[in-house]
Structures are given as structure tokens and as C-alpha cells.
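In what follows, a single structure is set out as C-alpha cells and then discussed.
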Amino acid sequence: MAKVLMKGNEAIGAAAMEAGCKYFFGYPITPQSELPEYMSRELPKAGGIFLQAESELAAINMVYGAAGSGVRVMTSSSSPGISLKQEGISYIAGAELPCLIVNIMRGGPGLGSIQPSQTDYFQATRGGGNGDYRLVVLAPANVQELVDLIIEGFDIADQYRNPVMILGDGMIGQMMEPVEFKAPKKRELPEKDWATTGTGGKRKPNIINSLYLQPEDLEEHNIRLQQKYNDIKKNEIKVESYNLEEADVVIAAYGTTSRIAKTAISQLEKEGYKVGLIRPITLWPYPYDEFEKINDNCKGILTVEMNSGQMLDDVKIAVKGKYPVYFHSRTGGMIPTPNEIIEKVKKIYGGEI
Amino acid sequence: MAVVFKKTKGLTDAQTHYCPGCTHGIVHRLVGEVLEELGVLDKAIGVAPVGCSVLAYKYFNCDMHEAAHGRAPAVATGIKRVRPDNFVFTYQGDGDLASIGTAEIVHAAHRGEKISTIFINNAIYGMTGGQMAPTTLVGQKATTAPNGRDEAHCGKPIKMSELLATIDGAKFVERVTVTTPANVRKAKKAIKECFKLQLEGKGFGIVEVLSTCPTNWGYTPQEALKWLEENMIPYYPLGNFRKPEEVE
Ligand SMILES: Cc1ncc(C[n+]2csc(CCOP(=O)(O)OP(=O)(O)O)c2C)c(N)n1
Ligand code: SF4
Ligand SMILES: [Mg+2]
């Protein structure tokens with residue numbers, strides 16, 4: 007298929023439809039409203055349903071119902087709206103239903119701003135809702151990758167019966183880039199024989215539920231969930247890395263921030279510095295092992311984020327104290343510049359920090 | 046031997062956990078019977094609430110989905126929009142529907158979702174041990190209103206049927222009770238009419254059932270029925286608040 011120029015938020019919608027998603031429940035919020043607007047235009051033409059809910063609480067619970075009924079379904083929002091969705095996300099994870107949730111992050115806390123940020127890393131990777139559950143969290147760095155991850159995200163959700171979150175920021179939602187819609191790698195997807203479709207008089211009732219009143223039963227359920235999460239850790243980690251064997255400094259960054267890091271790295275290389283990159287594409291499961299590939303003489307790891315240090319914790323877990331970990335951040339909708347990163351790297355080189 | 050009474054196919058064989066004399070059980074039976082009599086068990090998908098009827102998913106003999114507290118109408122919306130040919134109903138308490146889930150029920154009605162709701166108003170939070178509900182009567186004692194509900198402090202009880210009847214999308218709204226055999230028959234008739242409305246694709250329908258909670262009211266089952274008739278019915282009048290024009 008030929009490449010088409012698309013805005014990130016609209017590309018999400020097109021990719022979801024390409025993946026066979028015909029149902030979208032959402033509530034408007036900047037900076038992702040182009041997505042529900044696109045879906046309200048396009049889904050009915052494809053025989054699908056777009057419904058604007060009365061709140062994000064309702065939207066995610068509509069997703070819960072639809073996912074339980076066995077269809078591919080999605081919702082999207084931005085930070086404050088994703089906070090409201092946490093209740094439903096926890097139930098969906100507990101009931102083990104597949105769905106796709108998009109968070110186009112903006113600055114926080116509270117109403118924050120409408121500018122790009124990465125401040126919901128903790129919320130996405132550490133839970134956010136109650137209980138011992140995990141989301142598969144995918145962090146695209148460009149619109150093509152966004153499209154690829156949306157399409158594959160639905161497959162991952164179906165394969166593991168688990169909600170998948172796309173964690174982007176305001177920049178990727180607004181950015182226009184050429185994209186191509188490609189089929190993802192083939193997976194064996196299980197039948198949705200658990201779905202509420204009506205018994206048709208042919209089987210026992212199906213029940214979608216996250217309640218286990220007996221402690222033994224809930225423990226067993228939790229252990230099974232952890233086994234599933236371990237399978238996901240084994241099979242689904244995605245990461246891009248560069249020059250870990252040679253680098254004196256390795257930058258860790260994800261999403262759009264990693265693009266700024268790449269600009270800084272090529273400039274630094276022109277000046278003779280050896281700088282590497284680890285760009286996690288799955289934020290959960292996190293590519294901890296990738297950090298083992300960093301050479302022993304590396305002077306330090308520079309984590310760059312648009313928050314006050316969230317992935318920073320995972321980087322520290324990953325390097326196990328082997329290298330010093332430095333941090334560069336802009337928050338509140340401010341975006342780090344390549345020059346800021348270049349200066350930080352030079353300081354690490356010079357032993358100034 | 047002639048069979049004069051048998052259990053409805055609309056309910057499973059599971060033993061319910063309801064307290065003796067609780068009217069949740071009667072309403073379950075009525076809903077089960079109506080599902081069976083309308084021949085929709087095979088295509089029914091029920092949504093259970095959080096409240097004493099949280100385990101309703103074990104009792105109704107059809108596909109069931111357990112929702113978060115108050116969100117049953119949103120879950121039912123998701124199901125019905127995806128499966129318009131199925132019969133979708135919610136079963137909710139007064140804390141669930143009239144407090145934490147007010148937005149969800151109002152907007153499901155307002156959109157005219159083609160779902161049916163059974164609303165159990167027992168003027169109390171049964172499951173959590175008798176706290177005040179938005180439906181608790183003025184003067185009625187609750188564990189969080191130890192001196193009785195004080196109107197100056199928390200207003201008068203909310204009348205959900207009257208409120209929902211002002212919404213265009215709500216095509217059937219009726220308040221019933223199950224205190225006497227005659228009332229039980231009327232309640233069943235209302236539930237059947239309400240469910241038929243969905244089958245005819247006409248819009249949102251709700252049946253509010255004034256119910257007892259002998260355990261948390263602190264009465265015997267008989268006393269509780271009497272208290273309901275003497276105190277709840279005067280404030281929550283029985284009757285139909287809305288029917289589609291064709292039915293009128
Ligand atoms: C989000 C959330 N808040 C509070 C609770 C605790 N809770 C469980 S049932 C209930 C009240 C149920 O009362 P009602 O809906 O009237 O049902 P009843 O038990 O009276 O039938 C509450 C507050 C909960 N489970 N979830
Ligand atoms: S606590 Fe009240 S509402 Fe709940 S089962 Fe017992 S009597 Fe019924
Ligand atoms: Mg109650």
C-alpha cells in the first residue's frame with residue numbers, strides 16, 4: 007500500500023480500523039480530540055459504532071461491556087481522562103478482557119496543561135487502578151511506529167486477554183508524517199469462547215467477572231495473572247538500541263523524547279563523542295536486560311524525560327548500580343532541546359556532574 | 046400429578062445468599078420468569094451491580110457481566126451497542142443507581158439506550174451494613190445517620206422514577222413493590238411490559254421495585270413489609286410514570 011501523510015491522532019483511528027476495531031467509546035479532551043472526531047466520521051461508514059460517553063468513567067465501562075461481548079474495541083483520552091478510566095481499566099484487567107486504550111499525555115498534575123508531557127509513565131506502568139495487574143504499555147516515537155503498534159496492540163490484547171495501552175504525548179498526536187498500513191506478524195489468536203453473546207441455547211452461560219470472594223480463589227486468580235504477565239515479559243519486549251558496545255555515555259529515552267536524543271547523538275558524534283541510546287518501545291514489560299549490553303567502560307547513563315523522573319526508576323533498576331545514572335528533564339509542557347542534552351552529555355564526559 | 050408450581054428456567058440452581066425475608070429473592074424470581082416467558086433467555090445478557098445483588102451473575106440463567114459500582118448502565122450500553130439483537134438488562138440497588146451511578150443511569154436513559162433496568166430501592170446500603178442511601182427516608186436511622194436522616198443536613202430522598210420520567214429517552218418508567226401477592230403480580234406485569242419495550246426496540250425502560258432490607262432496617266420480614274407500606278409508599282408512590290404512546 008502507498009504511503010499517506012497523516013496526523014498522529016487520525017492515524018491512530020485509521021490503524022485501529024485497519025486492525026478490525028469497529029467500536030470506539032470516548033469523551034473529548036485536548037490534545038487527542040482529533041481521534042474521536044475521526045472515529046465519529048469514519049466508523050459509521052464501516053458499519054461500526056462511535057459513541058461519545060457522558061464521562062471517561064462511562065466510556066471505559068462501555069469498553070468493558072463491549073470487550074466482554076467479544077469485539078475489538080478501543081477508547082482514547084489524555085491524562086486527566088485516563089485518571090478517571092483507572093477504575094474500569096482495573097476491572098478489565100481483572101476480568102482479563104482485551105481492549106486498546108490510548109493516552110496522549112499532557113502536563114499534570116491536576117488539570118495541568120494541554121502541552122505534551124510524559125508524566126503518566128508511573129500511572130501506566132505501575133498500575134494506576136487498584137490491584138495487582140499490568141497493562142502492556144507501548145510507546146511509539148513516530149507516526150509509522152504508532153500505526154504499527156496500534157495494529158499489533160490489538161493482537162497482543164487478544165492473544166493474552168489483557169488491556170494494551172498506547173502511551174504517546176501531545177507531540178506525536180499532532181505531528182504529520184507519511185505512514186503505511188502493514189500487516190503485523192502472524193499470531194495464533196485464541197477463540198473468544200468466553201464472550202457474552204447470549205447462550206443461543208447451545209452452551210452454559212458465560213460470566214464476565216473480576217470478583218472472587220474466597221481468598222483461595224482470588225490468590226489462584228492472581229497467581230495465574232502473574233504467570234500470564236511473565237509470558238508477556240518473555241515474549242513481547244520491544245526495544246531499539248544503538249552503539250552500546252562503544253558508547254561512553256548512553257542515553258535512555260522513549261517516545262518523542264528519543265527523537266530529540268537522536269538529534270543530539272548525531273551532533274555529538276560529529277564532534278567525536280561516542281554516545282549510545284536505549285529506547286524502550288514497550289514500557290511494560292521493560293527491557294531491563296538491554297542495559298546488560300552496555301560496555302564496562304561506559305561513564306554513565308543519561309535518562310531524558312518530559313517529567314520529573316519516572317522511567318528513571320526503571321533505568322536504575324536495570325543498571326543495578328553498575329553505572330552512575332544522570333537525569334535531564336523538562337516538564338509542564340516544556341520540551342528538552344538537543345542542545346540541553348548535548349551539554350549534559352559533555353558534562354558527564356568531563357566529569358563535571 | 047399436575048404441576049402447579051415449578052422453578053423458573055430463568056434462574057440457575059445456585060442457592061442465593063440473600064437474608065431470609067429479603068425481597069431481592071422475589072424480584073430475582075420475577076425477572077427469571079419474565080425472561081423465560083418472553084423466550085429471551087438464550088439471547089439475554091444481564092449486568093450485575095455492586096451491592097447485595099453482586100452475585101446476581103450466578104443466579105440468572107443467562108450470560109452475565111459483573112460491573113463496577115454504579116456503572117452497570119455504561120457496561121450494558123457497551124454490550125447493547127455491540128450486540129443490538131441481544132436482550133440486555135441491568136439489575137441495580139439504590140446506592141448503585143441513585144448515588145454513585147446517577148450519571149450512568151441518567152445518560153443511558155437520555156440516549157434512549159435500548160436496555161432494561163430493574164432498580165431495587167430498599168432505602169439503604171444493604172451490602173455494606175446499613176449506611177444511609179440517597180433514598181433513605183427523612184428520620185430513618187442508618188449506621189451513617191445514627192439519629193435518622195436529617196433533611197437540613199443531607200436533603201430529602203431522591204425520587205429516581207420521577208426524575209427519569211422527565212427524560213425523553215426513557216420510554217417506560219414504573220414503580221412497583223412486592224409486599225403482597227397482588228403487588229407481586231403487578232410487579233411482574235410491569236417487568237414484562239418493560240422488557241417487551243426493549244424487544245420492540247422502543248428505548249430505555251426501568252422498573253423501580255420498593256424492597257425490604259429486614260437485616261439492616263432491624264425488623265422481622267413481616268415488620269419490614271409493613272414498614273415499607275406505611276413509610277415508603279407514601280413518599281414513593283406506586284404507579285406508572287411513563288409508557289410509550291402506543292401502549293397507553
Ligand atoms: C467504588 C466503590 N465504592 C464503594 C463500594 C462499597 N459498596 C459496596 S455495595 C455498596 C452499597 C450498595 O448499596 P445498594 O446499591 O443500595 O445495594 P443493596 O446492597 O442495598 O442491595 C457500597 C457502598 C464499592 N464496592 N465500590
Ligand atoms: S442485607 Fe438487606 S438487602 Fe442485603 S440480602 Fe440482607 S436483607 Fe437483603
Ligand atoms: Mg440498597
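The listed protein sequences correspond, in order, to chains A and B.
Our numbering puts the first residue of the first sequence at 7, with every later residue one more than the last.
Our numbering puts the first residue of the second sequence at 46, with every later residue one more than the last.
From the three backbone atoms N, C-alpha and C, an ideal C-beta is built for every residue, glycine too.
B/G171 places its beta carbon less than 7 Å from that of B/C258. For the set A/G176, A/V170, A/M171 and A/M12, the Cα lying nearest the Cα of A/M340 is the one of A/G176. Not a single C-beta of chain B is nearer than 7 Å to the C-beta of A/L49. Collapsing the DSSP output to three states places B/D108 in a strand. Going by C-alpha positions, B/W272 is about 28 Å away from B/V79. Cβ contact annotation for B/D108 (same chain, cutoff 6 Å, sequence separation greater than five): I90, in chain order.
At a Cβ-Cβ threshold of 7 Å, A/S84 and A/I156 do not count as neighbours. Assignment of A/P169 by DSSP, reduced to helix, strand and coil, places it in the strand class. With a threshold of 16 other beta carbon atoms within 10 Å, A/I55 meets it and is buried. Within the segment 65-78 of chain A, A65, I66, N67, M68, V69, Y70, G71, A72, A73, G74, S75, G76 and V77 place their CB atoms closer than 9 Å to a CB of chain B, listed in sequence order. A straight-line Cα-Cα distance of about 10 Å links A/N301 and A/V255. With its beta carbon at least 7 Å from every one in chain B, A/N136 lies outside the interface. Remark: C-beta atoms of B/Q185 and B/F164 do not approach each other more closely than 7 Å.
Segment contact: the segment 142-159 of chain A against the segment 114-121 of chain A, fewer than three CB-CB distances shorter than 8 Å; contact not assigned.
Taking a C-beta distance under 7 Å as the contact criterion, A/T263 and A/I178 do not qualify as a contact pair. With a cutoff of 6 Å, B/D87 does not count as near ligand 3, since its C-beta is closer than that to no heavy atom of the ligand. For B/I124, the neighbours in chain A by C-beta distance under 8 Å run, in chain order, G71, A72, G74, S75 and T202. Taking 6 Å as the cut-off, one finds no heavy atom of ligand 2 near enough to the beta carbon of A/P115. Among the residues facing chain A, B/Y104 is not included, as its CB has no counterpart in that chain under 7 Å away. Against B/I90, the close residues of chain A are T202 and G204, in the order they occur along the chain (beta-carbon pairs closer than 7 Å). Taking CB atoms only, B/E111 has a neighbour in chain A less than 7 Å away. Distances taken from the Cβ of B/A178 to the heavy atoms of ligand 1 include one shorter than 6 Å. Nearest CB-CB separation between A/G207 and chain B: below the 7 Å threshold. Annotation: Cβ neighbours of B/H152 in chain A (cutoff 8 Å, chain order): A59, E60 and A64.
DSSP places A/E48 in the uninterrupted alpha helix (DSSP H) bounded by E40 to E48. The Cβ atoms of A/K198 and A/G76 lie closer than 7 Å to each other. The beta carbon of B/N228 sits no closer than 6 Å to any heavy atom of ligand 2. Three or more Cβ pairs drawn from the segment 341-350 of chain A and the segment 308-320 of chain A lie within less than 8 Å of each other, which places the two stretches in contact. Between the segment 121-128 of chain A and the segment 95-107 of chain A there are fewer than three inter-stretch CB-CB distances shorter than 8 Å, so the stretches are not counted as touching.
By the CB criterion at 7 Å, A/V153 and A/A17 fall inside the cutoff. Taking 7 Å as the threshold, the shortest C-beta distance from B/E158 to chain A does not fall below it. Distance from the CA of A/E24 to the CA of A/F187, rounded to the nearest whole angstrom, comes to 8 Å. Contact annotation, A/M80 with A/L106: C-beta distance approximately 4 Å; criterion of less than 8 Å satisfied. For B/I251, the enclosing beta strand (DSSP E) stretches over residues F249 to L255.
A/D138 is positioned such that its CB atom lies closer than 7 Å to that of A/N228. Rounded to the nearest angstrom, the Cβ distance from B/A154 to B/A168 is 22 Å, too far for a contact under 8 Å.
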